[in-house]
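A short write-up of the structure that comes next.
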């Protein structure tokens, strides 16, 4: 995966929000928004069932 600018902003959001705020990612079609969110979740989030 390419290193994207949004990835570091997502890390800041995770550190600062403590799960209390949502993160809106918007942009043009087909630029990898879903892909970067999926990769971020795999690396930084734990699943709670």
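In this note's numbering, the protein residues as written are 5 to 53. Glycine included, each C-beta is placed from N, C-alpha and C at the ideal position. In this text the structure is predicted, and so the values were computed from the model without any measurement.
Residue 24 and residue 31: beta carbons closer than 7 Å?
It is not a contact, given that the beta carbons lie outside the stated cut-off.
For a test of the three-state rule: what should DSSP assign to residue 37, helix, strand or coil?
Reduced to three states, the DSSP call for residue 37 is helix.
Would you call residue 14 buried or exposed, if buried means 16 or more other Cβ atoms sit within 10 Å of its Cβ?
The residue is buried, with at least 16 neighbouring Cβ atoms inside 10 Å.
With a CB to CB cut of under 6 Å and the five nearest residues on each side skipped, what residues in its chain are close to residue 27?
17, listed in sequence order.
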